Amino acid sequence: MKNRKTLDYIIIFFSLLGLAAMIYLLLTFTFNLISHNSCDIISSVISCSKVVTSNYSTLFGIYWYYYGIGFFSIILILSVLRLFNKNKKQNKIFAQTIFGLSIFGAGIACYLIYVEIFLVHHICILCTTGHIAIFGLLITSILRFTKFKYTI
């Protein structure tokens with residue numbers, strides 16, 4: 015039981031990590047509160063500006079980072095609810111929802127990684143942080159559902 019709570023905290027960590035990266039993109043490219051060049055580390059390879067302003071940066075006219083904010087917010091809310099909820103049936107539903115969303119998110123992340131590398135030819139470090147958070151959520155969710163024994 016203690017290991018499962020630890021995994022819940024890890025899910026919260028990855029949710030906050032991804033949410034922070036998406037909010038940084040929002041503050042930079044929507045509200046212009048942060049310089050666009052702040053995450054252009056190596057402009058020939060790593061350039062958030064080139065990725066976020068590319069033709070592939072939106073879906074239905076909405077920037078991908080808005081979807082990321084929604085995704086990570088939902089995961090975060092469900093994780094926090096799991097920690098404080100005593101109802102086992104509801105907690106199971108929360109865990110299954112987090113797992114399903116993680117699988118869906120990982121699929122979207124794979125597509126976005128493909129777009130960055132093969133279509134835009136640039137990497138966004140903040141987007142990559144979001145992708146890492148999504149795969150972290152997926153791995154943690156898988157561990158949550160397995161009988162895997164470990165020590166922390």
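Residue numbers (the working numbering): 15 to 166.
Ideal Cβ placement from N, Cα and C applies to all residues, glycine included.
Just so it is clear, the structure is predicted and the values come from calculations on it, not from any experiment.
- Note that the C-beta distance between Leu21 and Leu157 is below 7 Å.
- Buried is the label assigned to Thr154, since at least 16 other Cβ atoms lie within 10 Å of its Cβ.
- Scanning its chain for C-beta atoms nearer than 7 Å, with the 5 sequence neighbours on each side dropped, one finds around Gly144 the residues Gly32, Ala35, Met36 and Gly82, in chain order.
- With a cut-off of 8 Å on Cβ pairs, the stretch 84-103 is not in contact with the stretch 47-66, counting fewer than three such pairs.
- Burial state of Cys124 is exposed, judged by a 10 Å Cβ sphere holding fewer than 16 other Cβ atoms.
- His135 counts as exposed, since fewer than 16 other beta carbons sit within 10 angstroms of its beta carbon.
- When C-alpha distances from Phe118 are compared across Ser58, Ile76, Phe149 and Ser57, the shortest belongs to Phe149.
- The three-state reading of DSSP puts Ile48 in coil, since its state is none of H, G, I, E or B.
- Taken through DSSP and simplified to helix, strand or coil, Thr72 comes out as strand.
- Secondary structure note for Phe149: its alpha helix (DSSP H) is the uninterrupted segment Ile139 to Phe159.
- In terms of CA proximity to Ile131, Ser68 leads the group Thr44, Ser29 and Ser68.
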